Amino acid sequence: MRPLLGLLLLASLALAQRVTLGAYGEAGYWTPSLELAYPLSDLTLRAQAQRGALGLGVERALELGPAGRVAYGALAAGGAGGLGARAFLQGGLGPAALEVRLAYATLPWKRLFVGWTDPAGLSGSLEGRYRLSPEATLGLALGYGDLGLGLLPWGPPAWGTEGRYGVRAGSWSYTLGLGFRQGPYALVGWRAELDEEGTVGEAVLRLGAANRLEARLYAPLGEDTLGLRLALGYPFRAAWGVAWGGLSLEGAYDGSYALWLRYAWETGR
Amino acid sequence: MRKTLAFLALGLLSTVLGQSVESILNAVQENLEKSPWEARLVGRIQAQDGSLQPVEVLLRAVLAGEKVLRLEFKKPPSLEGNFVVVTEKEVWNYLYLTNQLVIQPRAKARIEGLNANLTFLGDFRELAAKVQLRLEGEGTSEEGPVWRLAGRPREGGLGFTQAEILVLKADPRPVALTLRDAAGNPVAELRLLDFRRSRLSPAQLKRYPQDAQVVRR
């Protein structure tokens, strides 16, 4: 039986368009992780596995050229004594963009796959953006669950809503907003293309009932992009990530540590 | 005999005109490949709903060596910030609102949204391979005397069934392009304005925000 399983695993790796292998660790627990993507006509089939849990999903996208793109998909996962299912729709068409995510699981999603931080039960989010003019964009988000900032849940699951108004001035853009999540808060954001190579810097500060700073920097390095991101919160929490080429390392701290190292191979299929 | 002579005359005429079209398109391609250039593509183009929308696109091209064509949308306002990069093998679509770069093989991609496929703008020899063009005659435009080329696609799927291109005689390059559907309704009515030679490199034309989500299809 074992040789057969080994052959099946090798065949599934060989046929995949993208293979991502990883190792995840947190206090008292570690697991290898495997993510596979298979192109099948207009569909992309996905599989993800970790110790004692397996998830299978399918995605499809409608490509509309410069006018936009709409992608949607669903995934079911089982193992670790529980089951879960999730679906998403994400896309933009002309001046409007919409992102909807819905998830349900009988246990915290992290036990089904370490990359998910959604809580047990029902969770989800709805976010819409509309371009009022070439320079101004209005955004509104509503959701229940985790903030999805890193490897560890960012506090207990909660309802949250946020409104944002973004203005672009050349290659810089600024965002102002108000939100409510266990209390009201305000946000201010900045994003800029910093040079002719396409380097992008971004920072968003939220103050009030939520206190956190998120910063990102993406710069070309060789043939690939170096991506750095950091989220710091008060009371103290942190999530960070470094990615370059297929290699990525993520970490998080919320009183305990978590670390996830991954490498992705693109086969070009 | 008369029929034979008439047939021969028609054959010779079509050959001469065929060669002219080929030589004109070759002259256009050689001229556009001579050095990098940029121009504004201004006019109206059919949207997904069938209506004609005002469109303004900044066209930048390096057509010698590594060929790259970049179309940056300025109008309609909803597409401002979006751009398309056409390379020899791929078409890249950057979507500003979702900050995504969708990369597709060129054979599969269409610059839709735009119902007409404009990927041939960087390769007029490819245009001749895809569209059966004939020389309709000569005319004048704001830029000066022009050749009028017209024709139909050799195969379907290009998004139009009739094409007319005005080519400037003094500096062989297209100055106007009209594409029509089977009913004769315009799919695109475009003029190429403010043409100028420019110092551009393929790397410059392939630039995109590094935080964009790259999706390969």
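Residue numbers (my numbering), protein chains in the order written: chain A, 1 to 269; chain B, 1001 to 1217. In this text, a Cβ means the ideal position worked out from N, Cα and C, and glycines have one as well. This one's a predicted model, so the numbers in the text were calculated from it and none came from an experiment.
- Under a criterion of Cβ atoms nearer than 7 angstroms, the residues of chain B adjacent to residue 219 of chain A are, in order, 1210.
- DSSP places residue 1202 of chain B outside any beta strand (DSSP E); the residue lies instead in the alpha helix (DSSP H), whose first and last residues are 1202-1205.
- Restricted to the region 183-262 of chain A, the beta strand (DSSP E) segments that are unbroken, complete and at least 3 residues in length are 184-193, 200-208, 212-221, 224-233, 237-244, 247-253, listed in chain order.
- In the structure shown, residue 109 of chain A falls within a helical segment according to DSSP collapsed to helix, strand and coil.
- Beta-bridge partners assigned by DSSP to residue 1147 of chain B: B/1138, B/1167.
- Per the C-alpha coordinates, the member of A/34, A/32, A/67, A/260 positioned closest to residue 1046 of chain B is A/67.
- Of the residues A/266, A/180, A/212, the one whose Cα lies closest to the Cα of residue 245 of chain A is A/266.
- As the crow flies, the alpha-carbon of residue 93 of chain A is around 27 angstroms from that of residue 85 of chain A.
- Taking 9 angstroms as the cut-off between beta carbons, the residues of the region 91-104 of chain A near chain B are 91, 92, 93, 94, 95, 96, 97, 99, in sequence order.
- Nearest neighbour of residue 1139 of chain B by Cα position, chosen from B/1150, B/1130, B/1132, turns out to be B/1150.
- Collapsing the DSSP output to three states places residue 33 of chain A in a strand.
- The region 1047-1063 of chain B makes no contact with the region 35-48 of chain A; the number of CB pairs closer than 8 angstroms stays below 3.
- Assignment of beta-bridge partners to residue 1056 of chain B by DSSP yields B/1042, B/1075.
- Distances from the alpha-carbon of residue 1152 of chain B to those of B/1209, B/1186, B/1133 put B/1133 closest.
- Of all residues in the region 1091-1104 of chain B, only 1093, 1095, 1097, 1098, 1100, 1102, 1104 come within less than 8 angstroms of chain A when Cβ atoms are compared, listed by chain position.
- Within 7 angstroms of the CB of residue 129 of chain A, the CB atoms of chain B belong to 1097, in sequence order along the chain.
- Residues of chain B with a Cβ closer than 9 angstroms to the Cβ of residue 188 of chain A do not exist; the shortest Cβ-Cβ separation is about 19 angstroms.
- With 16 or more other Cβ atoms from the protein chains shown falling within 10 Å of its own Cβ, residue 1069 of chain B counts as buried.
- Distances from the alpha-carbon of residue 114 of chain A to those of A/89, A/13, A/48, A/238 put A/48 closest.
- Residue 200 of chain A has a beta carbon lying within less than 7 angstroms of a beta carbon in chain B.
- For residue 1079 of chain B, the residues of chain A that pass the 8 angstroms Cβ criterion are 66, 67, 94, in the order they occur in the chain.
- Its Cα nearest to that of residue 1173 of chain B, the residue B/1196 stands out among B/1091, B/1184, B/1196.
- In summary, residue 1034 of chain B is exposed, with fewer than 16 beta-carbon neighbours lying within 10 Å of its beta-carbon over all protein chains present.
- Close partners of residue 133 of chain A in chain B (Cβ separation under 7 angstroms): 1077.
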